[in-house]
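One structure below.
2 protein chains.
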Amino acid sequence: MKEKEFLNIIKHTLKSELIGDDCAYLKDLGIVITQDNLVEDVHFSRKFATPFELGFKAAMVNISDVCASGAIPLYLTSALSLPDDIEGSFIKEFYEGMKSACEDKVEIVGGDITGSGKIFISVTAIGSDKGRKISSRKNARPGQKIVVSGEHGSSGAGLRLLCDGKKNPQKFIQAHLMPRAQIQFSEKIAVSQKTDYAMMDTSDGLMDALSQIAQASRVLLEVDFGKIPFDKDLKYFENFEDIILYGAEDYQLIATVDDAQDLTVIGSVESSDVYGVRIKYSDKLIFYTKEDVEKKLYKHFKEQE
Amino acid sequence: MKEKEFLNIIKHTLKSELIGDDCAYLKDLGIVITQDNLVEDVHFSRKFATPFELGFKAAMVNISDVCASGAIPLYLTSALSLPDDIEGSFIKEFYEGMKSACEDKVEIVGGDITGSGKIFISVTAIGSDKGRKISSRKNARPGQKIVVSGEHGSSGAGLRLLCDGKKNPQKFIQAHLMPRAQIQFSEKIAVSQKTDYAMMDTSDGLMDALSQIAQASRVLLEVDFGKIPFDKDLKYFENFEDIILYGAEDYQLIATVDDAQDLTVIGSVESSDVYGVRIKYSDKLIFYTKEDVEKKLYKHFKEQE
Numbered sequence: 019m020k021e022k023e024f025l026n027i028i029k030h031t032l033k034s035e036l037i038g039d040d041c042a043y044l045k046d047l048g049i050v051i052t053q054d055n056l057v058e059d060v061h062f063s064r065k066f067a068t069p070f071e072l073g074f075k076a077a078m079v080n081i082s083d084v085c086a087s088g089a090i091p092l093y094l095t096s097a098l099s100l101p102d103d104i105e106g107s108f109i110k111e112f113y114e115g116m117k118s119a120c121e122d123k124v125e126i127v128g129g130d131i132t133g134s135g136k137i138f139i140s141v142t143a144i145g146s147d148k149g150r151k152i153s154s155r156k157n158a159r160p161g162q163k164i165v166v167s168g169e170h171g172s173s174g175a176g177l178r179l180l181c182d183g184k185k186n187p188q189k190f191i192q193a194h195l196m197p198r199a200q201i202q203f204s205e206k207i208a209v210s211q212k213t214d215y216a217m218m219d220t221s222d223g224l225m226d227a228l229s230q231i232a233q234a235s236r237v238l239l240e241v242d243f244g245k246i247p248f249d250k251d252l253k254y255f256e257n258f259e260d261i262i263l264y265g266a267e268d269y270q271l272i273a274t275v276d277d278a279q280d281l282t283v284i285g286s287v288e289s290s291d292v293y294g295v296r297i298k299y300s301d302k303l304i305f306y307t308k309e310d311v312e313k314k315l316y317k318h319f320k321e322q323e
Numbered sequence: 019m020k021e022k023e024f025l026n027i028i029k030h031t032l033k034s035e036l037i038g039d040d041c042a043y044l045k046d047l048g049i050v051i052t053q054d055n056l057v058e059d060v061h062f063s064r065k066f067a068t069p070f071e072l073g074f075k076a077a078m079v080n081i082s083d084v085c086a087s088g089a090i091p092l093y094l095t096s097a098l099s100l101p102d103d104i105e106g107s108f109i110k111e112f113y114e115g116m117k118s119a120c121e122d123k124v125e126i127v128g129g130d131i132t133g134s135g136k137i138f139i140s141v142t143a144i145g146s147d148k149g150r151k152i153s154s155r156k157n158a159r160p161g162q163k164i165v166v167s168g169e170h171g172s173s174g175a176g177l178r179l180l181c182d183g184k185k186n187p188q189k190f191i192q193a194h195l196m197p198r199a200q201i202q203f204s205e206k207i208a209v210s211q212k213t214d215y216a217m218m219d220t221s222d223g224l225m226d227a228l229s230q231i232a233q234a235s236r237v238l239l240e241v242d243f244g245k246i247p248f249d250k251d252l253k254y255f256e257n258f259e260d261i262i263l264y265g266a267e268d269y270q271l272i273a274t275v276d277d278a279q280d281l282t283v284i285g286s287v288e289s290s291d292v293y294g295v296r297i298k299y300s301d302k303l304i305f306y307t308k309e310d311v312e313k314k315l316y317k318h319f320k321e322q323e
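Dropping the structure here:
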């Protein structure tokens, strides 16, 4: 898929300032909106995920996008296109999974159903800006700290286990199948920061989020690898450092902020003529351009297949 | 597809009052929201529709749903899942089609792209309730007039021509490929009515909309067939009366209102122990239950295949 090329065509065709972040911020209405598709045998397989897990994840990824904006996640709508062999029990479990992800905080308010050859799921999430400062990935400024909501790599490890036909450790598999949106971290940032901040979820990997913010804000993000939180059992995996940096779908949040009190700081924003990400390992310092990150992400993705 | 059965399962699982109309009305945010999927070889074929026409229609059907609520259509987001053989030119023309349907009134603010085997399009539309009274299909009350925004049957005739490999009359084919949402009629109703009203678009056919309102409001809708506006050239089609009543995708609006001044009245709302639709032909009066309408819709749909 030529996704990034296609997104550029869309931006060029629509000439819209509102395309670029995970959510579009509609200031006149006081809301943010985001929409994502999940396609069978592209994003998920009925072999690996139960209908409940699928519904859970479909809701969660969109709630996470709203959290990345700093808005209060409030409502979801869904549209499902389903093959003829799908039973009513699938629908029931799917929506129970969605409800579980919503945790009495978010309400599901629409549900279109149509026919299809494979399962297509599209979910839209709406959040409110009330009392919140909304993020933009263009907002990183030299002098800010880079903060993170939690551990990285667990979901990537879980996917590797699933692909290898393994069922343990369960904690990694659960991290992959049932990720949690970082609602509290999002609120903490969006309510406490007095100045503009960048925030993204790490759905496509920590390095992808860092790189996207660096490019959009035209800065250098320097990260101390030793400060990134991760589950210590990841060390039993081959190339565990790559799983932490490039493994996707942890749905943690990273932000660049002026006020990092009580937050987990992993690095800082630096001014630079060349935009990108610099990782400080214990024994070396490596600079990654946008292209470097994209190549590594692609290579990491291919190794999972 | 067991769409209606599945929608009942969703309603039951979610226990939400907000599911039932084409749009969900989120009063706390002052907005309505609707989301629809279009699936290749289920809802459209690349053989019949250009990318421009497809984008146009994907936007229009959602704008039409917002119009049915009476809200002001303001924003669209889209998520496309596309096969590998799709070119950049497809994306460009598709979004130009969407923009054309938006007519400077509606802004497209998001565009997710993912991979897929077949083309899968999901569009979400947002409208504002500012200065508007929002409709519900539960709002029909005995004594109200049934009003309609325009002609029915042209889109159904266009689909029949396309299925038969014909290219004329162009007006019917255009009505099918490039339907127009009834923004002005929607505004007229939503601004002028002092009392609650029901409104729906006729995307699934005029009879479907009448029947849905009758069931949700627990009333009888009596329609004078001779008063339904239609293109007189429809008379050259076999069973043209069925095309007018059951042909889908005209995207006109019907409403039940107390104040029908300057509007096209086609019938009236009556109280009844049995809910449904009664059609007054020149020589007969026929009553249709919910089941009658569903059977006729299915039969009409099958005849198109």
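Each protein sequence line maps, in turn, to chains A and B. Going by my numbering, the first sequence opens with residue 19, and the numbers climb by one from there. Going by my numbering, the second sequence opens with residue 19, and the numbers climb by one from there. From the three backbone atoms N, C-alpha and C, an ideal C-beta is built for every residue, glycine too. Note that the structure is a prediction, hence the values are computed from the model and not measured.
Taking CB distances under 8 Å as the criterion, tell me whether ALA42(A) reaches chain B.
Residue mapping note: residue 42(A) aligns to position 24 of the first sequence, counting from 1. Closer than 8 Å: yes.
Report the three-state DSSP secondary structure of PRO91(A) (helix, strand or coil).
Taking the first residue of the first sequence as 1, we reach residue 91(A) at position 73. DSSP places PRO91(A) in strand when its eight states are reduced to three.
Is LEU239(B) closer than 8 Å to ILE329(B) when the C-beta atoms are compared?
Coverage of chain B is limited to positions 19 through 323, which leaves residue 329(B) absent and any answer about it impossible.
Answer with yes or no whether the minimum CB distance from LEU32(A) to chain B is below 8 Å.
Taking the first residue of the first sequence as position 1, residue 32(A) is located at position 14. Put simply, the CB of LEU32(A) is near chain B, with a gap under 8 Å to one of its CB atoms.
Beta-bridge partners of MET218(B), as assigned by DSSP:
In the second sequence, counting from the first residue as 1, residue 218(B) sits at position 200. Bridge partners of MET218(B): ILE272(B).
List the whole-angstrom C-beta distance separating ALA234(B) from THR274(B), where the pair is believed to meet the contact cut-off of C-beta under 8 Å.
Sequence index remark: in the second sequence, residue 234(B) carries index 216 (1-based). Sequence index remark: in the second sequence, residue 274(B) carries index 256 (1-based). Wrong, their Cβ atoms sit about 11 Å apart, outside the cutoff.
Distance, ILE137(B) Cα to ASP103(B) Cα
By one-based count along the second sequence, residue 103(B) stands at place 85. By one-based count along the second sequence, residue 137(B) stands at place 119. So the two alpha carbons sit approximately 10 Å from each other.
CB LEU44(B) to CB TYR93(A), shorter than 8 Å?
For this step, residue 44(B) is matched to residue 26 along the second sequence. For this step, residue 93(A) is matched to residue 75 along the first sequence. Here LEU44(B) is near TYR93(A), since their CB atoms are less than 8 Å apart.
Three-way DSSP call (helix, strand, coil) for SER172(A) in this model
Taking the first residue of the first sequence as position 1, residue 172(A) is located at position 154. Helix at SER172(A).
Alpha carbons only, please: which of LYS75(B), VAL50(B), SER99(B) and ASP122(B) is nearest the one belonging to PHE62(B)?
Translated into positions along the second sequence, residue 62(B) becomes position 44. When C-alpha distances from PHE62(B) are compared across LYS75(B), VAL50(B), SER99(B) and ASP122(B), the shortest belongs to LYS75(B).
Output yes if chain A places a C-beta closer than 8 Å to the C-beta of SER118(B); else output no.
Within the second sequence, numbered from 1, the residue matching residue 118(B) stands at position 100. Chain A contact via Cβ: absent.
Report the residues of the segment 120-133 of chain A with a CB closer than 8 Å to any CB of chain B, ordered along the chain.
Interface annotation for the segment 120-133 of chain A against chain B: GLU125, ILE126, VAL127, GLY128, GLY129, ASP130, ILE131, THR132 and GLY133, criterion Cβ-Cβ distance under 8 Å.
Opposite GLY133(A) in the DSSP bridges: which residues?
Taking the first sequence and counting its residues from 1, one reaches residue 133(A) at position 115. Note: GLY133(A) sits in a beta bridge opposite LEU100(A).
Stretch pair the segment 155-162 of chain A + the segment 117-133 of chain A: three plus CB contacts closer than 8 Å
Proximity of the segment 155-162 of chain A to the segment 117-133 of chain A falls short of the contact definition, fewer than three beta-carbon pairs being nearer than 8 Å.
Limits of the unbroken beta strand (DSSP E) element including VAL241(A)
Counted from its first residue, the first sequence places residue 241(A) at position 223. Judged by DSSP secondary structure, VAL241(A) falls within the beta strand (DSSP E) whose first and last residues are 238-242.
Taking the alpha helix (DSSP H) that LYS212(A) belongs to, which residues open and close that run?
As a working note, residue 212(A) is residue 194 in the first sequence. No residue range can be given for LYS212(A), since it is assigned to no alpha helix (DSSP H) and is classified by DSSP as neither H nor E.
So that I know if they touch, is there some Cβ in chain B lying closer than 8 Å to that of GLU23(A)?
In the first sequence, the residue the question calls residue 23(A) occupies position 5. At least one C-beta of chain B is nearer than 8 Å to the C-beta of GLU23(A).
Here's the rule I'm using: 16 or more other beta-carbon atoms within 10 Å means buried, otherwise exposed. How should CYS85(B) be labelled?
Position 67 of the second sequence holds residue 85(B). Answer is buried; the Cβ neighbour count reaches 16.
Assign HIS318(A) to one of two classes, buried (16 or more other C-beta atoms within 10 Å of its C-beta) or exposed (fewer than that).
One-based indexing of the first sequence puts residue 318(A) at position 300. It is buried - the Cβ of HIS318(A) has at least 16 other Cβ atoms within 10 Å.
LYS75(B) in three-state terms, based on DSSP:
Residue mapping note: residue 75(B) aligns to position 57 of the second sequence, counting from 1. Of the three classes helix, strand and coil, the one that applies to LYS75(B) here is helix, per DSSP.
Measure the C-alpha to C-alpha separation of GLY294(B) and ALA232(B) and round it to an integer number of angstroms.
In the second sequence, counting from the first residue as 1, residue 294(B) sits at position 276. In the second sequence, counting from the first residue as 1, residue 232(B) sits at position 214. Taking the straight line joining both Cα atoms gives about 5 Å.
Just by C-beta distance, which residues in the segment 68-100 of chain A are closer than 9 Å to chain B?
For the segment 68-100 of chain A, the residues whose beta carbon sits under 9 Å from a beta carbon of chain B are, in order, LEU92, TYR93, THR95, SER96, ALA97, LEU98, SER99 and LEU100.
Here's the rule: buried if 16 or more other CB atoms are within 10 angstroms of the residue's CB, otherwise exposed. What is GLN188(A)?
As a working note, residue 188(A) is residue 170 in the first sequence. With fewer than 16 Cβ atoms within 10 Å of its Cβ, GLN188(A) is classed as exposed.
Does the segment 201-215 of chain A come close enough to the segment 133-153 of chain A to have 3 or more Cβ pairs within less than 8 Å?
As far as the Cβ criterion goes, the segment 201-215 of chain A touches the segment 133-153 of chain A, which means the pair count is three or higher.
Determine, using beta-carbon pairs with one atom in the segment 253-270 of chain B and one in the segment 173-191 of chain B, whether at least three such pairs fall under 8 Å.
Between the segment 253-270 of chain B and the segment 173-191 of chain B, the count of C-beta pairs closer than 8 Å reaches three or more; the two stretches touch.
Contact residues within the segment 213-231 of chain B, judged by C-beta distance below 7 Å to chain A
Correct list: empty, as no residue qualifies.
By the criterion of Cβ-Cβ separation under 9 Å, what are the contact partners of SER146(A) in chain B?
Mapped onto the first sequence, residue 146(A) falls at position 128. Ordered by position in chain B, the residues that pass the 9 Å Cβ test against SER146(A) are ASP46 and LEU47.
Along the chain, where does the beta strand (DSSP E) that runs through ILE304(A) open and close?
Translated into the one-based positions of the first sequence, residue 304(A) becomes position 286. DSSP places ILE304(A) inside the beta strand (DSSP E), whose first and last residues are 303-306.
Find out if the Cβ-Cβ distance for the pair THR220(A), ALA42(B) is shorter than 8 Å.
By one-based count along the first sequence, residue 220(A) stands at place 202. By one-based count along the second sequence, residue 42(B) stands at place 24. Taking 8 Å as the Cβ cut-off, THR220(A) and ALA42(B) do not qualify as a contacting pair.
Taking C-alpha atoms, which residue in ALA199(B), ALA89(B), ALA227(B) and HIS170(B) lies nearest to PRO247(B)?
Residue mapping note: residue 247(B) aligns to position 229 of the second sequence, counting from 1. Distance from the Cα of PRO247(B) is smallest, within the candidate group ALA199(B), ALA89(B), ALA227(B) and HIS170(B), for HIS170(B).
Could you tell me the alpha carbon to alpha carbon distance between THR52(A) and GLY133(B), rounded to whole angstroms?
By one-based count along the first sequence, residue 52(A) stands at place 34. By one-based count along the second sequence, residue 133(B) stands at place 115. Taking the straight line joining both Cα atoms gives about 18 Å.
Chain B contact for THR54(A) (CB, 8 Å cutoff):
Along the first sequence, read from residue 1 onward, the residue named residue 54(A) stands at position 36. Rather than Thr, the amino acid found at residue 54(A) in this sequence is Asp. Yes, ASP54(A) lies at the interface with chain B (some Cβ there is under 8 Å from its Cβ).
Against chain B: residues of the segment 258-269 of chain A by CB proximity under 7 Å
For the segment 258-269 of chain A, which is checked against every Cβ of chain B, not one residue is closer than 7 Å.
Could you tell me the distance, in whole angstroms, from the CA atom of LEU252(B) to the CA atom of LEU72(B)?
Start at 1 with the first residue of the second sequence, and residue 252(B) comes out as number 234. Start at 1 with the first residue of the second sequence, and residue 72(B) comes out as number 54. Just so you know, the alpha carbons of LEU252(B) and LEU72(B) end up roughly 25 Å apart.
What is the DSSP secondary structure of ILE152(B), counted as helix, strand or coil?
As a working mapping, residue 152(B) is identified with position 134 in the second sequence. ILE152(B) falls in the coil class under three-state DSSP.
Could one say the Cβ of TYR316(A) lies closer than 8 Å to chain B's Cβ atoms, at least one of them?
Numbered from its first residue, the first sequence carries residue 316(A) at position 298. TYR316(A) has a beta carbon lying at 8 Å or more from every beta carbon in chain B.
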